[in-house]
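Enquirer: For the sequence shown, counting from 1, position 124 maps to 124 in UniProt numbering; every step adds exactly one.
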Amino acid sequence: MDEHTHVGGGPPDALAVPTVVTIPWLEYRALVADAGHWRLFATSPHVAELLAEWDRRRATRDTSNAVAAAADWRAIASAPTYAELAARRAVATTDPLTPDQIRARTSESWARVQDWITARRTAA
Numbered sequence: 001m002d003e004h005t006h007v008g009g010g011p012p013d014a015l016a017v018p019t020v021v022t023i024p025w026l027e028y029r030a031l032v033a034d035a036g037h038w039r040l041f042a043t044s045p046h047v048a049e050l051l052a053e054w055d056r057r058r059a060t061r062d063t064s065n066a067v068a069a070a071a072d073w074r075a076i077a078s079a080p081t082y083a084e085l086a087a088r089r090a091v092a093t094t095d096p097l098t099p100d101q102i103r104a105r106t107s108e109s110w111a112r113v114q115d116w117i118t119a120r121r122t123a124a
């Protein structure tokens, strides 16, 4: 037998799609084998496990993207964390001052304030 023919039932209609399909026997056997392979593939527990893992990862990714979209990352990124503040305080940026140096700087600072107040009073 060189060809496989399937005859379908249904009402005879001149405009209906033909119900007879003729394909070469080798192509039919290839389609049957391919369907068998897909059936084995679809019922494999390993494939089911992979599909479940992919679905879990997709759900995690979608949730993560939704959280990232909802958060105001610019405000979060601009505010330093407590750990960052502690690290900044732990680093000495200037040499330590002696008590006399601290008093001198304080006097200079108050002198500038007094000069500013005097300038505003004389301008008014």
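Idealized CB from N, CA, C, for every residue including glycine.
Being a predicted model, the structure only gives us computed values, none of them experimental.
Should residue 41 and residue 47 be called a contact, given that it needs their Cβ atoms to be closer than 8 Å?
Expert: Counted from its first residue, the sequence shown places residue 41 at position 41. Counted from its first residue, the sequence shown places residue 47 at position 47. It is a contact, given that the beta carbons lie within the stated cut-off.
Enquirer: With DSSP collapsed to three states, give me the class of residue 45.
Expert: As a first step, residue 45 must be located in the sequence shown, where it is residue number 45. Looking at residue 45 - three-state DSSP - the assignment turns out to be helix.
Enquirer: Run through DSSP, which three-state label would residue 24 get?
Expert: Within the sequence shown, numbered from 1, the residue matching residue 24 stands at position 24. DSSP places residue 24 in the strand class (E or B) of the three-state scheme.
Enquirer: Helix, strand or coil: which one does DSSP assign to residue 50?
Expert: Locating residue 50 in the sequence shown gives position 50, counting from the first residue. Helix, per DSSP.
Enquirer: What is the DSSP secondary structure of residue 1, counted as helix, strand or coil?
Expert: Here residue 1 corresponds to residue number 1 of the sequence shown, with the count starting at 1. For residue 1, the pLDDT reaches just 49, beneath the cut-off of 50, and the residue's location in the model is therefore unreliable, leaving the point undetermined.
Enquirer: From residue 108 to residue 101, what does the alpha carbon distance come to, in whole angstroms?
Expert: Numbered from its first residue, the sequence shown carries residue 108 at position 108. Numbered from its first residue, the sequence shown carries residue 101 at position 101. C-alpha separation (whole angstroms): 11 Å.
Enquirer: To the nearest angstrom, how far is the alpha carbon of residue 26 from that of residue 35?
Expert: Residue 26 sits at position 26 when you count from the first residue of the sequence shown. Residue 35 sits at position 35 when you count from the first residue of the sequence shown. Those two C-alpha atoms are separated by around 14 Å.
Enquirer: As an exercise, report each continuous alpha helix (DSSP H) stretch of at least 4 residues that is fully enclosed by the segment 38–117, in chain order.
Expert: 45–70, 73–78 and 82–90
Enquirer: Under the three-state reduction of DSSP, which class applies to residue 19: helix, strand or coil?
Expert: Locating residue 19 in the sequence shown gives position 19, counting from the first residue. Of the three classes helix, strand and coil, the one that applies to residue 19 here is coil, per DSSP.
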